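Encoded as structure tokens, the structure appears first; notes follow it.
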Amino acid sequence: MVEGRIIKALSGYYYVKPHQKGQPTIQCRARGIFRKRETSPLVGDFVMVELSENGEGTVHEILPRTSELIRPPIANVNLAVLVFSLVEPDLNLQLLDKFLVHVEKAGLDAMICFSKYDLFKNSKDASKQAEAINELVQYYESIDYPVLLTSKRTNEGHDELLAHMANKTSVFSGQSGVGKSSLLNAIIPGLTLETNQISSKLGRGKHTTRHVELLELSNGGIVADTPGFSQLDFTNIEQEDLGYYFSEFRAYIPDCKFRGCLHRKEPKCKVIEAKNQGNILESRYEHYLFFLDEISQMKRRY
Ligand SMILES: Nc1nc2c(ncn2[C@@H]2O[C@H](COP(=O)(O)OP(=O)(O)OP(=O)(O)O)[C@@H](O)[C@H]2O)c(=O)[nH]1
Ligand SMILES: [Mg+2]
Ligand SMILES: [Zn+2]
């Protein structure tokens, strides 16, 4: 048996890089038993591989995971880098807050890259919006999510981004077309991931990246490029728990008058008070209410 890490999954094959230096990557199938147990190997998994005579292998065992994300599908990452473009496609704060809920639930650290900063600065209402963007950066930083303004053109934010990813496994996630692969190409010398213009008619990306793949950084970090997506649901989150995944709500929740307070209209709700006093960002609170409804509607459907 060879021990290694799945660095790529594509068309039913898993590509395993052995831990032992200098050994070539092994193309593997998974054992049928995984399907029956309803777990399947994920990129990022540490696995035991059985070699067959033709040089291919079989993923025999998945070693215990330290973390796991369903979207994008990946295991054993420490840091989620949420890439959200300021323009083209337009900044989608609701999706950003949704990602953050999932990342909190999975117990990962998160940071935010507001990408295409060069395009934003050249856009016609940049001066009008600069203040709003600045406030967003400060707010998310204040709740412990580092924020960078990045551009593949000007290299802004690249050194800081690399520093955050040193000696960790990170995953780039965000909608199609926000520039995940472009940013990776810009920060990793020699890398040529495929990228594609966004559709001018629809204003969104064309789902260029189709698989998850781990890439090595020269600072001991490993980073995954992933396919963009915009659908993300809450199948595994209860209404009562949602507030805890909004990290800045946590400090207020124990002081709400009612146990099980959903911070909707309840009297003496400390979360609502904090929002009214300007300590919780209005858009974060609105997204919280929106997600609460989404969860209750999903429950009714099942
Ligand atoms: N001006 C400018 N264009 C950018 C920047 N980053 C990405 N782009 C462009 O945006 C388009 C989409 O970039 P991709 O890197 O393919 O986006 P992606 O997030 O990997 O998209 P998927 O693989 O579909 O999820 C390409 O045409 C890029 O050249 C940037 O910082 N500035
Ligand atoms: Mg891509
Ligand atoms: Zn409350």
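Quick note on numbering: the UniProt record's numbering labels position 34 of the sequence shown as 34, and the sequence is numbered without any gaps.
Heads up, the beta-carbon is just placed ideally off N, CA and C, and yes, glycines get one too.
Source: prediction; values computed, not measured.
- Within 6 Å of the C-beta of THR154 there is not a single heavy atom belonging to ligand 2.
- With a contact defined as Cβ atoms closer than 8 Å, GLY44 and VAL77 qualify at about 6 Å.
- Excluding residues up to 5 positions away in sequence, TYR15, VAL16, LYS17, THR25, VAL43, GLU213 and LEU214 lie with their Cβ nearer than 8 Å to the Cβ of ILE7 in the same chain.
- Burial check for LYS180: the Cβ neighbour count within 10 Å reaches 16 or more, so the residue is buried.
- Between the beta-carbon of HIS263 and that of GLY278 there is about 16 Å, and that puts the pair past the 8 Å contact cut.
- The three-state reading of DSSP puts MET111 in strand, counting E and B together.
- Pairing LEU100 with ASN167, the inter-Cα distance amounts to about 22 Å.
- In the structure shown, LYS98 falls within a helical segment according to DSSP collapsed to helix, strand and coil.
- When distances are taken from the beta-carbon of LYS8 to the heavy atoms of ligand 2, even the shortest one reaches 6 Å or more.
- With a threshold of 16 other beta carbon atoms within 10 Å, MET165 meets it and is buried.
- Secondary-structure assignment with DSSP links VAL81 through a beta bridge to MET111 and PHE172.
- For the 7 Å CB-CB criterion, ALA106 and LEU69 form a contact.
- The region 31-38 makes no contact with the region 77-95: fewer than 3 CB pairs, one atom from each, lie closer than 8 Å.
- TYR140 places its beta carbon 7 Å or farther from that of ALA110.
- For CYS113, the Cβ stays outside the 6 Å cut-off from all heavy atoms of ligand 3.
- The beta carbon of ASP233 is closer than 7 Å to those of MET298 in its chain, skipping five residues each way along the sequence.
- Put simply, of VAL178, LEU217 and GLY55 the residue whose alpha carbon is nearest the alpha carbon of ILE188 is LEU217.
- Nearest C-alpha to GLY32 among GLN23, GLN20 and TYR13: TYR13.
- Out of ARG29, ALA75 and THR66, the CA that lies nearest to the CA of GLU56 is found in ARG29.
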